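One structure below.
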Amino acid sequence: MMKSKADEEEYWNSSKFKAFTFDDDDDEFSQLKESKRAVNSIRPLVEEDDDEDDVEKVSWSGEPVGSIAWSVRETAASNQRTDREPTFPKINTDTTTISKSNSGYSLSSLFKGKSRGGTFQSLTDTLSDSSVRLYAPELRKPKSEYKDYVSDWSPEETVQRMQQGKAVSLEKFRSRQDKLLLLDSAVSAHDGNVITAVLIFLKRTLSKEVLFGELESRETALRHLIQYLTETRDNRTLLELLRSLGRMEDVALLQYKEHLSISDENKRRDFLKSCLSLPFSAEDSAHVQDHYTLLERQIIIEATDRQAERGGKVEIFQKFPRRASILNMPLVTTLYYCCFYHYTEPEGMYSSPLNIRQTFKIPEKQYFVTALSARAKLKAWSDVDALFTSRNWLGFTRKKSPLNFQRVVDILQKNSAPTQVLKDYVALVDDADVRIGLAQKYKCHDIVINTYRDLKDRQLLLGYRGKVERGSVEERKIDELLSNLQMRWKN
Amino acid sequence: MAAHLSYGRVNLNILREAARKELREFLDKCAGSKAIVWDEYLTGPFGLIAQYSLLKEHEVEKMFTLKSGRLPSADVKNIIFFVRPRLELMDIIAENVFSEDKMHSARDFHILFVPRRSMLCEQRLKEQGVLASFINIDEYILDLIPYDGDLLSMEYESAFRECYLENDQTSLYHTAKGLMTLQALYGTIPQIYGKGECARHVANMMLRMKREFAGIQNQILPVFDTLLLLDRNVDLLTPLATQLTYEGLIDEIYGITNGYVKLPPEKFAQKKQGEGSKDLPTEPKKLQLNSAEELYAEIRDKNFNAVGAALSKKAKIISAAFEERHNAKTVGEIKQFVSQLPHMQAARSSLANHTSIAELIKDITTSEAFFDNLTVEQEFMTGVDTDKVNTYIEDCIAQKDPLIKILRLVCMQSVCNNGLKQKVFDYYKREILQTYGYEHMLTLNNLEKGGLLKPQSSSRNNYPTIRKTLKLWMEDANEQNPNDISYVYSGYAPLSIRLTQVLARPGWRSIEEVLKMLPGPHFEERQQLPAGLHKKRQQGENRTTLVFFLGGVSYAEIAALRFLSQMEDSGMEYIIATTKLLNGTTWIKSLMDRPESQTP
């Protein structure tokens, strides 16, 4: 079923990705150039005032003049100019389209139940269609006011009337049984609007226990009620509902979500603490715990650092003023911050990177990347160096890294490390081709030369001679190698 | 203005005209001069239906965007709010109305809900005590908006989220209504096929609505032979993949909204000879993209790698046309040449624009980051190492690449593995929460509910079987002269479109097994036509299928369907409809849980 690895590799190197490499210079790129040239060569010939006549008019923003978005802006703008009479915006008319439009169809005539030529008589049942059709069921009116309505509609008919936007009375659905029949009719009509309307009526006229119990077997209606409660921000009822349904994880997440609307950090922390006892799934529970712990830490660190910064006595805050508060930042950002400002603190301190690593069980690789970026940003090259050699044993100083050295070079380079620093790490890249590529890119001549020497590739070495500076140490080194009779070149 | 809508097999301009008529009728209901207050979101979709001139003819003198506070002054009789049925907008309207009363009270208020009235909103207006201030409360049914000669969209952004996360079927109701409108205009569609829960619901509603209209025979000769309803969750994979067609890439990189794209202006600066460095425009260049533009219609659906050649060919043709002037000797010939100039100049500016866009895109598609990302996507789609933590994703997280990019990839891996191994799932989740913030737990939870990112259940991974049976991966995808739909993703043939293709020939019976592996039921329904409306098909005449994507469709999928329409022996033409035009990024975004405070 699965191809062997070697197969796979060959496969990936094959035609497929050529697709997007465009490496044939005379191919796609030149074609684009060609059409560009053509465009440019044509231009002088038609040095007219910008396409005025050929296409539709376009205002500066590129919006066609006369489009709605354009005129909203335009009329709004003209309105602000109080010194002028309000005038029509200048537009170009498309009267031609209008006069041509003689379509006899109207969407509303098809569905609103308005009778047109008698065709829809069967469902219009002579609606007088007053301009404000009360769509919302009137719930508070005394019963006597309903006498005008014909009120013995079946649940289906009632739903149908609601769908058509006609006035209905729901009050006549008095028994629990009737109410539920009405709800079921609404659900089978799939019109969310009507379902919600019926639910509001039920919520008002049934006890919560009864309603919630009945919804357990009515998934669609239940979802609509949840949606309604969410939209109207009736969180108390919503939580009650979810609890009664035993949807504890939903309860927990919904409750947890609340923290986003709390802006005061201390209140937010306390709220998160109260979330700890919520019935999350095992994994989520651990994440919420971490979230709480993190904010707790951030509040402490922020208070201390803000003071230190204001005090003006701590050098690092003077040299690199903080751009923003650390509150509510993600964990990795916090770790970076601590690696930046609190790198050398003992593990006992809350703001020590080691402490953070320990508390949140940050994986080695994650920690390594973050520390590396932070120290490189500060150009603390000795710290960078120490990161790699710290795990030596028996006195070896061989550099080791949980990250491949190509990525290491990448990170260092992004933090503008000098060649002096880069070359040490480029040299450690395993793959010879990648190593040479990086070495050439970052001008680590020694590495290129040594690699060619190890490959015994005289031709490439000779070729590289042209790329180093005349009379430089590197040139001399190449010459020495080339004239070394002990070398056994392969070419 | 909208001639391109009538070029296609089905004249969609009829739909547009119907919508315009409806709008005029409403405007005339509010007699006298008017100002419209717009829910800004609606101006884009409305622009596809009507220009300002139409409104002006019906005495619309002012237009404003809906904002809280006091309404701008305007000496008009009527104030009309054009709004989506959303509670937060009702609060703003209430504020507007209140502040108005204190100043002077002569103006009449009206509300036009688009696309549908909402009981909840009216309730809210009532609670705020302003419901009685409105003379007209009406709805403007703008369910299906014609985007192009073969494309309709509801632009219902939250449809997928509502259907699959919240189990709210309102969008399906609107879909069914929209389809009834289409049938009223284009005749009853005799055959309905579908796959998925939502498809089933929509079909049920349509059949029921038809029964409710019983007795009224639709006397229009059917334009569509078949309707195919497809749930987006039948094919969660396709939108996650990076689209590689020209139009698809424009959408991926710059985003197309309501047929417009905004581009960085630098490449479009007009350089005239003899002028030095002119100030570069700082505002983005906005372009309209549709088949009314000849060149765009030609290249939009091509694989991007074939666009360069097409542009260069076009350039030669245009150059040659301009050269013609040297051959024009007589006055008549010169006149002839001059008469063609406008058309040629339009072609030239179109070529210039697309050459610039192609250059912009090429800068990105040739970048290492794009290549690496595509490599991983293709590995997943071919089933390589989908059960392990992917180092590229790991690196992207470490570099804190945009969260949506990460989510797209992780979801893709999950879909291609029929759920991630619990260990892998937990690992990604942890990395994401630690790097991007714990509150994204909510988003991950949504993706899980939607089925995009989930731990593997006990059932085995059936994606390889689906891939092989439906030939979702084609080794030799030909990008220049495609012979298969897989060209739109340079190798991957979109599952949704394969299902469509197989349905046309040889039929779904041949893939029963696979259909059972995909979620939701598949079904077939027939709608009776009145006698005399049965089409007498000419020999070799193509059939027409309307494919409706419930929950959204990508431009690459549309391109694949257009490709099928154009295939000589397919015998089928496709018209495409959807709840929303989307790509992986906009899709994931619609599923994210943003803090309440950040929503506008």
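Line by line, the protein sequences are chains A and B.
Position one of the first sequence corresponds to residue 7 (my numbering), numbered consecutively onward.
Position one of the second sequence corresponds to residue 39 (my numbering), numbered consecutively onward.
All residues carry an ideal CB built from backbone N, CA and C; glycine is no exception.
None of these values were measured; they are calculated from a predicted model.
Not a single CB atom of chain B sits nearer than 8 Å to the CB of A:Ser489. At a cut-off of 8 Å between C-beta atoms, B:Glu204 counts as an interface residue with respect to chain A. Taking a cut-off of 8 Å on C-beta distances, the segment 173-187 of chain B touches the segment 211-221 of chain B, as three or more cross pairs fall below it.
Taking the Cα of B:Pro322 as reference, the smallest distance to any Cα among B:Tyr334, B:Ala330, B:Ser329, B:Gly293 is reached at B:Gly293. Counting every other CB atom within 10 Å of its CB across the protein chains shown gives B:Leu602 a total of 16 or more, marking it as buried. Under the three-state reduction of DSSP, B:Ile230 is assigned to strand. Around A:Asp296, the same chain offers Leu337, Phe366 as residues with beta carbons nearer than 8 Å, after the five sequence neighbours per side are excluded. With respect to the 8 Å criterion, B:Cys236 and B:Leu620 are not classified as neighbours on the basis of their beta carbons. Assignment of beta-bridge partners to A:Pro369 by DSSP yields no partner. Secondary structure remark: continuous alpha helix (DSSP H) runs of at least 4 residues inside the segment 275-324 of chain A, in chain order: 288-317.
Three or more beta-carbon pairs separated by less than 8 Å link the segment 381-400 of chain B to the segment 334-343 of chain B, which places the two stretches in contact. For the segment 538-570 of chain B, the set of residues with a beta-carbon nearer than 8 Å to any beta-carbon of chain A is empty.
Taking C-alpha positions only, A:Leu176 is separated from A:Leu186 by approximately 12 Å. Per DSSP, B:Glu611 is one residue of the beta strand (DSSP E) stretching across 610-616. No Cβ of chain B is located within less than 8 Å of the beta carbon of A:Pro285.
By DSSP's assignment, B:Thr103 forms a beta bridge with B:Trp76. Within chain B, no residue has its beta carbon less than 8 Å from that of A:Ser160; the closest one is some 14 Å off.
A direct Cα-to-Cα measurement between B:Asp631 and A:Asp436 gives close to 43 Å. If you draw a 10 Å sphere on the C-beta of B:Val585, you find 16 or more other C-beta atoms in it, and that means buried. B:His148 sits in a strand when the DSSP states are folded into three classes.
Taking 8 Å as the cut-off, the beta carbon of B:Lys352 is found closer than this to the beta carbon of A:Ser41.
When beta bridges are read from the DSSP output, B:Asn483 appears opposite no residue. Burial state of A:Arg381 is buried, judged by a 10 Å Cβ sphere holding 16 or more other Cβ atoms. Counting along the chain, the unbroken alpha helix (DSSP H) around A:Pro161 starts and ends at 161-169.
Chain-ordered, the chain A residues with CB closer than 7 Å to the CB of B:Glu397 read Leu38. If you draw a straight line from the Cα of B:Ser608 to the Cα of A:Gln412, it is about 51 Å long. The three-state reading of DSSP puts A:Thr226 in helix, counting H, G and I together. In the DSSP assignment, B:Leu93 falls within the alpha helix (DSSP H) that extends over 90-95.
Residues of the segment 137-161 of chain B with a C-beta less than 8 Å from any C-beta of chain A: Arg154, Arg155, Ser156, Met157, Leu158, Glu160, Gln161, listed in chain order. Sorting A:Lys385, A:Leu260, A:Ser213, A:Ala377 by C-alpha distance to the C-alpha of A:Leu235 places A:Leu260 at the top. Unbroken alpha helix (DSSP H) runs of no fewer than 4 residues, entirely contained in the segment 311-371 of chain B, are found at 332-337, 345-361, following chain order. Of all residues in the segment 229-255 of chain A, only Arg229, His230, Ile232, Gln233, Tyr234, Glu237, Thr238 place a beta-carbon less than 8 Å from a beta-carbon of chain B. Look at A:Thr226: its C-beta is under 8 Å from a C-beta on chain B. Taking 7 Å as the upper bound on Cβ-Cβ separation, chain B lies near residues Leu259, Lys263, Leu266, Ser267 of the segment 254-275 of chain A. Our two residues, B:Arg108 and B:Met128, have alpha carbons roughly 14 Å apart in a direct line.
Within the DSSP secondary-structure output, B:Tyr530 pairs in a beta bridge with B:Trp511, B:Tyr527.
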